[in-house]
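Peer 1: In terms of my numbering, the numbers along the first sequence are unbroken and rise by one, the last being 498. For every residue, glycine included, the Cβ atom is placed at its ideal position computed from N, Cα and C.
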Amino acid sequence: MDSEQRRERIAELAPEKLDEIESEDEGDDHPLPDLPNAEDGEVRMRVAPNPNGPWHIGHARMAAVIGTYKDRYDGEFICRFDDTDPETKRPDLDAYDAILDAIEYLGFEPDDVVKASDRVDVYYDHARELIEQGGAYTCSCPQGEFSDLKNSGEACPHREKDTETVAEEFEAMVDGEYESGEMVLRVRTDITHKNPALRDFVAFRMIDTPHPREEAAQYRCWPMLDFQSGVDDHLLGITHIIRGIDLQDSAKRQGFVYDYFGWEYPEVVHWGHVQVDAYDVSMSTSTIGELIAEGELDGWDDPRAPTVASLRRRGIRGEALVDAMVELGTSTSDVDLAISSVYANNRELIDDDTDRAFFVRDDEAFGGLVERQVVGGPDAGHPPLHPDFEDRGRRDIPVDPGVVVEGDDLPDHGDRVWLKGYGCVRHTRDAFEYVGDDITAVREEGVDVVHWAPADGPELRLRTMDGDVTGVAEPGYLDYEADDMLQFERIGFARVDRVDPDGESVAYFAHP
RNA sequence: GCUCUGGUGGUGUAGUCCGGCCAAUCAUAUCACCCUCUCACGGUGAUGACCAGGGUUCAAAUCCCUGCCGGAGCACCA
C-alpha cells in the first residue's frame, strides 16, 4: 500500500482522522516552528526595512522566513518601508527599489508595499487621539535631564500639562514651529515601571533635515519607530510580527499605545542576531556604505561585501540563501550562519545544469602561468560539457598555438601529465610531447589530470572574496552570456558576468 | 546599576511545554575509503554535543535550586 492508497483507505474508514494525520505529517517537513495562534489563510506579516541602504545578508533572513511562513499558511506579507528618520539613518532613494529587487531575488513578492513617509498624517491623527485620551504629553526637557529623571523614576514637570496645552504644542510641532531637539511628544506609560526601558518614551520628535523623498520633504515632526510601527501594524492588519531581540522592549512599549486605543497586539516572535562566517567586513549597512565610499569595496555587489547583491552577482540563487536562513529557525539566541551551507544548497540546485569549462589562473599562488607547445597529437581536445550528461555534447579546445597550464600542474622534465579531455603528454625541455590517449596512464600509473587552455584563449578575470585572479579561459567561454553559470574544473562554480572577445572578460566566483 | 532573554557536536537544528521509545535527530563541516579524465557530483564509513554542580525521581537534555557564561534594552536610530 503506497501513501496515496493508504490515504484513501483512511478517508474511507475514518475520515475524521485524516486531517489529524495529515497535519502531523506536515509538521515533520517544516523546518520552521509553528507560528503562535496561526490559522491558514489568516496570517499577515510584514517586513519593515529602513531603506537606508541595500540589504545585507542578515536582512535576507527576514524576507526568507516571512515569505516561507506566508507560503506555509497561505497568508500575506507586506513590505513597509519604515523610513521615518531623515537624518541619522537617512533613507537612500535607490534603496527602496534595491530592497524590492532583493525580495524578488529571494523568490517572494510582497502583497503590498507601503512607505511610512507617505503616512505621516495618519500618525499625526493617532497622536491627536492619544493626546485627547491623556496618553501623551509634549515635553521640552533636554535629553539628558529627562534621562536622569526617568532613571530615578521621577516624572518631569511637563507630564502634568493639561490636554489643551499639549494639543496646542503638538500642533506647533506638526507645523514645524520648533527646532530639532526643542520639543518631543512622549507617551505616558508608567514613570515608575520597574523596567526603565518602558518609562515614558518619545513618540514624535523634531528633525530639521528634510526627508529625501520629495513627497515627504515638508514634514519636520517625525514619529519614532515605536509609535509609527505600532500604529501601522494595527492599521495594516498585521497578525504576526517577527523581528530582532533588540526590539523586545519595543513590543512592551507599544503595548501601552495599544492599550490606550483598545487594540490587540499581534503575536510576536523575537529572534537573535545572525552572523555569517567567511566575512571580514562587518555586516552593517552603514559600515558597508563607508567602505564603498572609501573605495575599499567596489560597490554593494563587490564579492567581498556581505550583501544580498553580492551573493546574487556571484550566481548564488536566492533559494539557496532562503533555505539556509530558514534552517536557522527563529531562536532568540544569536546564530552563526555557515556560508558553506548556502554553498551546499546552491551546488545542489545548479550542479546538474552547469557546464564545465577550463580556466587557467595566472597567479603566483598557483605557480604562475606556463605556456608550452603541444607536438605530435590531435589539433584539439574535446572534454564533455558535463561528465554526467554526455548527450549534451563536447567542447572543442584547440591546442594551437600552444597551451597554458598553471605552474603547479607542470610536471618535472621527462614526466607526464594528462591534459583533461585531450590526452597524455610528456614534458620535454620546452614542449608537451603527445604520448597518447590510453587512460590507464591515469588509472594505473598515477598521471595527474590537469585543466588547460589554448595560449590565445580569452583573457578572464575571476573575482573572488579573496581578491581577483586573472588568467586564460577556454575559447568556449565567449559563447556564454552574463548570468550563465559555469563550473571551472578543479576550481569551482562561477557566474559569467561579462563576455568580451576583444578584451578582458569577467566572471564571479560562487563557491567550490 | 536596573530590566529582559538565552546556553544541545565546528555550524545550524530536532527533542524541552506533557521526564522514560534520547547510549540524543537531520543537515552542513571535517577525515578516510570507493567511484571518477575535476579538488565537483554520487556511494560507504568515521569524527563530534545536552554550560557546571547539586536536588527531586525507579528514570532528567527535559522538572527544581545555585553558579558560570552569553545576547539585548534603558536614544529626540531603525
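1. Helix, strand or coil: which one does DSSP assign to Thr225?
2. Restricting to Cα atoms, I'd like to know which of Ile325, Val308, Tyr265 is closest to Asp452.
3. Which of the three DSSP states, helix, strand or coil, is assigned to Arg(-5)?
4. Can you tell me the Cα-Cα spacing of Gly241 and His256, whole angstroms?
5. Have a look at the DSSP bridge pairing and note the partners of Cys142.
6. Tell me the DSSP bridge mates of Ile383?
7. By a C-beta neighbour count over all protein chains shown, 10 Å radius and 16 as the cutoff for buried, is Leu405 buried or exposed?
8. So, with DSSP's three-state summary, where would you put Met169?
9. Taking the beta carbon of Ser491 as the centre, do at least 16 other beta carbons fall within 10 Å, making it buried, or is it exposed?
10. Excluding the 5 residues preceding and the 5 following Gly362 in the sequence, name in chain order all residues of the same chain whose CB lies nearer than 8 Å to its CB.
11. So, helix, strand or coil for Thr426, using DSSP?
12. How many angstroms separate the CA atom of Tyr463 from the CA atom of Arg347?
13. Taking Cβ positions, are Pro96 and Asp69 nearer each other than 8 Å?
14. Note down, in chain order, each residue of its chain lying with its Cβ closer than 6 Å to the Cβ of Leu277, except the 5 sequence neighbours on either side.
15. What residues match up with Glu419 in a beta bridge as DSSP calls it?
16. Any idea if Glu483 is buried or exposed, counting beta-carbon neighbours within 10 angstroms, 16 or more meaning buried?
17. Could you work out which residue in Pro35, Asp107, Tyr110, Lys180 is closest to Ala84 when comparing CA atoms only?
18. Would you grab the beta carbon distance between Met31 and Phe67 for me? Rounded to a whole angstrom, and I think it's under 8 Å.
19. Can we say the stretch 235 to 249 touches the stretch 176 to 185, given the rule of at least three CB pairs closer than 8 Å?
20. Work out the CA separation of Ser166 and His578 for me, nearest whole Å.
21. Hey, Val458 and Ala439: beta-carbon distance below 8 Å or not?
22. With 16 as the cutoff for other CB atoms within 10 Å, does Leu79 come out buried or exposed?
23. Determine the direct distance from the alpha carbon of Gly315 to that of Thr225, and round the result to whole angstroms.
24. CB-CB under 7 Å to Tyr494, same chain, minus the five flanking residues each way: which ones, in chain order?
Peer 2: To lay it out plainly:
1. One-based indexing of the first sequence puts residue 225 at position 239. Three-state DSSP puts Thr225 in coil, outside helix and strand.
2. The residue given as residue 452 occupies position 466 in the first sequence. Cα-wise, what sits closest to Asp452 is Tyr265.
3. Taking the first residue of the first sequence as 1, we reach residue -5 at position 9. Confidence in Arg(-5) is poor, its pLDDT being 38 and thus under 50, which makes the residue's placement too unreliable to answer from.
4. Numbered from its first residue, the first sequence carries residue 241 at position 255. Numbered from its first residue, the first sequence carries residue 256 at position 270. Each residue's alpha carbon lies about 15 Å from the other.
5. Walking along the first sequence from the start, residue 142 turns up at place 156. Per DSSP, none; premise fails for Cys142.
6. Residue numbering aside, residue 383 sits at position 397 when the first sequence is read from its first letter. Partner(s): Gly367.
7. In the first sequence, residue 405 corresponds to position 419, counting from 1. Counting other Cβ atoms within 10 Å of its Cβ, Leu405 reaches 16 or more and is therefore classed as buried.
8. Within the first sequence, the letter at position 183 stands for residue 169. Coil, per DSSP.
9. Residue mapping note: residue 491 aligns to position 505 of the first sequence, counting from 1. Buried, since its Cβ has 16 or more Cβ neighbours within 10 Å.
10. Your numbering for residue 362 matches position 376 in the first sequence. Cβ within range, chain order: Glu419, Tyr420.
11. The sequence position of residue 426 within the first sequence is 440, counting from 1. Here Thr426 sits in helix by DSSP.
12. On the first sequence, position 477 is the one that residue 463 refers to. On the first sequence, position 361 is the one that residue 347 refers to. Each residue's alpha carbon lies about 15 Å from the other.
13. Locating residue 96 in the first sequence gives position 110, where the first residue counts as 1. Locating residue 69 in the first sequence gives position 83, where the first residue counts as 1. Result no, Cβ atoms of Pro96 and Asp69 do not sit closer than 8 Å.
14. Residue mapping note: residue 277 aligns to position 291 of the first sequence, counting from 1. Same-chain partners within the cutoff: Leu283.
15. One-based indexing of the first sequence puts residue 419 at position 433. DSSP lists Val361, Arg412 as partners of Glu419.
16. For the purposes of this step, residue 483 is taken as residue 497 along the first sequence, with counting starting at 1. It should be pointed out that residue 483 corresponds to Asp in this sequence rather than to Glu. By the neighbour-count rule (16 or more Cβ atoms within 10 Å), Asp483 is buried.
17. Along the first sequence, read from residue 1 onward, the residue named residue 84 stands at position 98. Considering only alpha carbons, the answer is Pro35.
18. One-based indexing of the first sequence puts residue 31 at position 45. One-based indexing of the first sequence puts residue 67 at position 81. Actually they do not touch by this definition, with Cβ atoms about 15 Å apart.
19. yes
20. Here the chain comprises residues numbered -13 to 498, so residue 578 is not present and cannot be evaluated.
21. By 1-based counting over the first sequence, the position of residue 458 is 472. By 1-based counting over the first sequence, the position of residue 439 is 453. Against a cut-off of 8 Å, the Cβ pair of Ala439 and Val458 comes out as a contact.
22. Position 93 of the first sequence, counted from the start, is the residue given in the question as residue 79. The residue in question, Leu79, is exposed, as its Cβ has fewer than 16 Cβ neighbours within 10 Å.
23. Here the question's residue 225 lines up with position 239 in the first sequence. Here the question's residue 315 lines up with position 329 in the first sequence. Looking at the two C-alpha atoms, the distance is approximately 19 Å.
24. Counting from one through the first sequence, the residue named residue 494 turns up at place 508. Excluding residues up to 5 positions away in sequence, Pro289, Arg299, Arg300, Gly301, Arg449, Ala480, Arg481, Asp483 lie with their Cβ nearer than 7 Å to the Cβ of Tyr494 in the same chain.
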